[in-house]
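Residue numbers (this note's numbering): 24 to 711.
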């Protein structure tokens with residue numbers, strides 16, 4: 024195993040520790056650990072990992088009622104194929120076909136690898152890995168090990184990485200991605216566990232040939248989010264280095280509890296809880312769904328359907344289950360109220376009348392044996408662990424005794440940083456994997472993200488081991504590449520801490536909160552061209568004045584960390600908001616998990632009985648026109664370039680965002696003649 028003890032270089036007048044390795048993996052989630060483990064497996068053990076916190080992140084801390092993993096069918100008598108699965112992924116719209124084919128082709132390999140590591144995916148007595156049907160899935164490709172599927176994956180991958188002896192540097196914030204001659208050269212990191220007292224360098228440099236960027240999605244963009252505490256993302260540093268993005272407008276939103284953060288999908292909805300709103304103090308309780316859905320049976324059926332139609336889908340907002348999300352959004356965002364799920368009482372009536380349910384809901388609940396009682400009684404009968412889950416969280420919630428606060432939360436970014444067929448970005452040597460990489464399109468099957476993270480990490484490791492095993496940049500050239508970013512980082516901290524020392528109040532926490540609240544209010548699941556423009560104007564103002572605006576207490580490592588975190592989030596917000604505005608200007612309409620306000624569109628419908636064609640009395644903000652797949656064959660790409668002040672000692676943090684549209688790459692037509700493939704594999708491993 025290669026030694027990865029930090030050495031010291033004199034850069035920009037400072038003694039800075041430098042770690043040298045062929046590859047650095049950023050992030051200790053399921054994709055990051057997979058990449059590190061695969062690299063060693065493939066013979067490239069010159070690898071280190073860096074992370075802000077080993078125990079944080081979505082993979083380890085997020086889940087749902089039954090967290091899904093999506094893979095090729097491995098049981099039963101129904102046919103399936105790699106090409107068919109690729110077509111399912113590709114049909115989600117705006118997804119590149121080579122990524123779809125790779126995710127399908129490696130899904131069995133990645134899945135079985137996890138099973139061999141000890142992830143207990145359920146099998147029947149003959150060893151078939153049984154499956155079930157998930158959203159956007161024509162087969163039964165989904166499987167699960169329960170609420171914490173991804174956590175179990177992380178734990179098993181982590182064991183293997185630790186056994187391999189891979190060095191991990193925790194408590195590190197990515198400040199900048201370093202480049203040289205159009206390729207990656209390393210990373211500038213802030214050591215968040217080092218005081219800013221001058222005794223030790225608060226910075227750490229990594230000199231490397233490759234960066235595998237497994238930092239997760241840009242969770243810090245939104246205040247109303249179900250991403251776990253400690254998950255922020257670090258996409259801004261990548262954009263600042265010239266790495267492009269794609270499909271960044273495509274998010275997934277859904278109903279989730281806010282304290283604690285958890286998706287309320289599956290059984291939580293299928294037992295038909297009561298939706299209640301209150302004022303900010305918890306008074307003036309109302310059962311608000313009845314305002315828009317007066318029919319008792321229809322209301323209960325739509326709530327039931329949210330169980331397996333959990334993500335907000337604008338196609339179901341007109342007269343389907345996603346109308347529930349819009350009504351919750353109206354209460355929380357437009358009316359400023361709080362929304363709760365009440366499992367103690369039945370909706371609308373004291374007694375539960377299952378005969379009013381749609382046949383689909385009635386038959387499901389009948390098979391489950393719960394055509395009785397209250398929602399909590401049905402929940403404990405159908406899925407006792409779902410009830411017990413909240414008893415074991417912090418904060419503790421007993422659904423039998425109290426209501427559960429919920430909102431429509433940002434849950435996953437389907438777009439992200441540019442990736443090619445090997446998950447390499449437009450910057451050679453930089454590989455975004457997991458949610459950081461923009462591998463998905465508009466829609467994706469439930470659980471496809473977990474498969475994508477494993478496949479992308481494997482593909483990146485294969486490419487690095489076969490084609491990028493060379494030594495990093497020489498010390499002198501690396502020092503030159505690191506000098507300006509290091510100096511600018513130190514100057515930002517010096518100016519921010521000097522303002523605090525002069526008596527100004529630390530504002531890093533306020534800025535972090537304000538940008539999230541701005542994005543949730545103006546660019547969340549409901550957006551208009553005007554609201555996007557308003558948010559963009561504010562973000563660009565913050566960025567343009569950031570070096571004069573930010574105030575950080577030098578005695579607080581957390582405050583200095585947030586000074587860079589907020590800059591990262593603001594850079595990402597500028598990229599995303601510009602992309603959203605361009606999407607509308609390009610003719611884009613409502614699709615996926617987003618409603619774009621269209622004054623010429625229609626409002627959701629009552630959708631039941633003789634009033635089926637009547638529009639609901641809802642805010643004009645909810646008037647929309649469906650995209651209808653018009654832009655499914657196009658991919659929007661974005662790039663960020665910095666403004667530089669005339670005086671290079673005092674740069675601006677503002678930048679220009681460029682947008683291009685291109686046809687999506689089709690699913691490749693492969694040469695399946697065995698002798699040809701075998702020869703190419705012997706000679707080149709088919710990695711090119």
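Backbone N, C-alpha and C fix where the C-beta goes; we use that ideal spot for every residue, glycine too.
Please return the same chain residues whose Cβ sits closer than 6 Å to the Cβ of residue 215, not counting the five positions on each side in sequence. As a first step, residue 215 is located in the chain shown; it is residue number 192 there, counting from the start. So the qualifying residues of the chain are 194, 196, 580, 584.
Who are the near neighbours of residue 691 in its chain, counting only those whose CB is closer than 7 Å to its CB and skipping five residues on each side? Within the chain shown, the letter at position 668 stands for residue 691. 120, 121, 124, listed in sequence order.
Secondary structure, beta strand (DSSP E): runs of 3+ residues fully inside the segment 42 to 125: 70 to 73
Is the beta carbon of residue 508 within less than 7 Å of some heavy atom of the ligand COA? Looking at this structure, you won't find the ligand COA or any other ligand, since it has none at all.
Considering residue 585, what are the terminal residues of the alpha helix (DSSP H) in which it resides? In the chain shown, residue 585 corresponds to position 562, counting from 1. That run of the alpha helix (DSSP H) goes 580 to 608.
Unbroken alpha helix (DSSP H) run spanning residue 707, endpoints: The residue labelled residue 707 in the question sits at position 684 within the chain shown. It spans 697 to 707 - the alpha helix (DSSP H) in which residue 707 sits, taken as one unbroken run.
On a CA-only basis, which of 46, 389, 175, 292 is nearest residue 190? Give me that one, please. Numbered from 1 along the chain shown, position 167 holds the residue referred to as residue 190. Answer by Cα proximity: 46.
Terminal residues of the alpha helix (DSSP H) in which residue 562 lies: Residue numbering aside, residue 562 sits at position 539 when the chain shown is read from its first letter. Unbroken alpha helix (DSSP H) run through residue 562: 552 to 567.
Exposed or buried, residue 403, counting other C-beta atoms within 10 Å across all chains shown (16 or more means buried)? Position 380 of the chain shown, counted from the first residue, corresponds to residue 403. By the 10 Å Cβ count, residue 403 comes out buried.
CB of residue 234 within 8 Å of CB of residue 453, strictly: Taking the first residue of the chain shown as 1, we reach residue 234 at position 211. Taking the first residue of the chain shown as 1, we reach residue 453 at position 430. Yes.
Just to confirm the assignment: which complete alpha helix (DSSP H) runs, minimum length 4, are found wholly within the segment 259 to 319? 290 to 293, 312 to 315
Taking only the alpha-carbon atoms, compute the straight-line gap between residue 252 and residue 694 and give it to the nearest angstrom. Locating residue 252 in the chain shown gives position 229, where the first residue counts as 1. Locating residue 694 in the chain shown gives position 671, where the first residue counts as 1. The straight-line gap from Cα to Cα measures roughly 46 Å.
Could you tell me the boundaries of the alpha helix (DSSP H) in which residue 478 lies? Reading the chain shown from its first residue, position 455 is the one you call residue 478. Segment 471 to 490, the alpha helix (DSSP H) holding residue 478.
Write down the C-beta distance between residue 187 and residue 63 rounded to the nearest angstrom, noting that I regard them as a contact closer than 8 Å. Taking the chain shown and counting its residues from 1, one reaches residue 187 at position 164. Taking the chain shown and counting its residues from 1, one reaches residue 63 at position 40. Contact holds; Cβ gap of about 5 Å.
I'd like the list of long-range same chain contacts for residue 36, defined as Cβ closer than 6 Å, with 5 residues on each side in sequence excluded. Within the chain shown, the letter at position 13 stands for residue 36. Around residue 36: no qualifying Cβ.
Coil, strand or helix - residue 327 by DSSP: As a position in the chain shown, residue 327 is number 304, starting the count at 1. Here residue 327 sits in helix by DSSP.
Using the Cα positions of residue 468 and residue 100, report the straight-line distance between them to the nearest angstrom. One-based indexing of the chain shown puts residue 468 at position 445. One-based indexing of the chain shown puts residue 100 at position 77. Each residue's Cα considered, the two are about 21 Å apart.
Three CB pairs or more closer than 8 Å across the segment 617 to 631 and the segment 557 to 576: no
Taking just the CA atoms, how far does residue 158 sit from residue 439? Looking up residue 439 in the chain shown gives position 416. Looking up residue 158 in the chain shown gives position 135. Answer to the nearest angstrom: the Cα atoms are 22 Å apart.
Nearest candidate by alpha-carbon position, reference residue 130, set 80, 118, 107, 708: Residue 130 sits at position 107 when you count from the first residue of the chain shown. The residue with the shortest Cα to Cα distance from residue 130 is 107.
Ends of the beta strand (DSSP E) at residue 206? For this step, residue 206 is matched to residue 183 along the chain shown. Where residue 206 is concerned, the enclosing beta strand (DSSP E) stretches over 206 to 214.
Could you tell me the alpha carbon to alpha carbon distance between residue 60 and residue 183, rounded to whole angstroms? Sequence index remark: in the chain shown, residue 60 carries index 37 (1-based). Sequence index remark: in the chain shown, residue 183 carries index 160 (1-based). Cα to Cα, the separation comes out at about 7 Å.
I need the DSSP call for residue 546, collapsed to helix, strand or coil. Indexing the chain shown from 1 puts residue 546 at position 523. In this structure, residue 546 counts as strand in the three-state DSSP scheme.
Span separating the alpha-carbon of residue 40 from that of residue 271: Residue mapping note: residue 40 aligns to position 17 of the chain shown, counting from 1. Residue mapping note: residue 271 aligns to position 248 of the chain shown, counting from 1. Rounded to the nearest angstrom, the two C-alpha atoms are 35 Å apart.
Residues in the same chain with beta-carbon distance under 8 Å from residue 397, minus the five sequence neighbours each way, listed in chain order, please. Along the chain shown, read from residue 1 onward, the residue named residue 397 stands at position 374. Answer for residue 397: 366, 367, 368, 369, 375, listed in chain order.
Distance check for residue 550 and residue 204, CA to CA, integer angstroms please. To locate residue 204, count along the chain shown from 1; it is residue 181. To locate residue 550, count along the chain shown from 1; it is residue 527. Taking the straight line from one Cα to the other gives about 40 Å.
Who are the Cβ neighbours of residue 669 in its own chain at under 6 Å, not counting the five residues just before and after it? By 1-based counting over the chain shown, the position of residue 669 is 646. Residue placement at residue 669 is poorly supported in this model, since its pLDDT is 42, which falls under 50; the coordinates are not used for a value here.
Coarse secondary structure for residue 351, derived from DSSP in three states: Walking along the chain shown from the start, residue 351 turns up at place 328. Residue state, collapsed to three classes: helix.
Return the residue from the list 628, 314, 441, 644 that minimises the CA-CA distance to residue 637. To locate residue 637, count along the chain shown from 1; it is residue 614. Checked all of 628, 314, 441, 644; the closest Cα to residue 637 is 628.
I'd like the list of long-range same chain contacts for residue 275, defined as Cβ closer than 7 Å, with 5 residues on each side in sequence excluded. Indexing the chain shown from 1 puts residue 275 at position 252. Here the set comprises 334, 434, 435, 437, 616.
Bridge partners for residue 32 per DSSP, in chain order? Along the chain shown, one-based indexing puts residue 32 at 9. Note: residue 32 sits in a beta bridge opposite 39.
DSSP three-state label for residue 711, please. Here the question's residue 711 lines up with position 688 in the chain shown. Looking at residue 711 - three-state DSSP - the assignment turns out to be coil, as it is neither helix nor strand.
Work out the CA separation of residue 661 and residue 83 for me, nearest whole Å. Sequence index remark: in the chain shown, residue 83 carries index 60 (1-based). Sequence index remark: in the chain shown, residue 661 carries index 638 (1-based). Approximately 30 Å between the Cα atoms of the pair.
For residue 172, which residues in the same chain have their Cβ closer than 6 Å to its Cβ, ignoring the five residues on either side in sequence? In the chain shown, counting from the first residue as 1, residue 172 sits at position 149. The answer, listed in chain order, is 90, 92.
In the segment 179 to 257, which residue ranges form an unbroken beta strand (DSSP E) of at least 3 residues, counting only runs that do not cross its ends? 190 to 192, 195 to 203, 206 to 214, 226 to 236
Do residue 431 and residue 278 have their CB atoms nearer than 8 Å? Here residue 431 refers to the residue found at position 408 when the chain shown is read from its first residue. Here residue 278 refers to the residue found at position 255 when the chain shown is read from its first residue. Contact flag set, yes.
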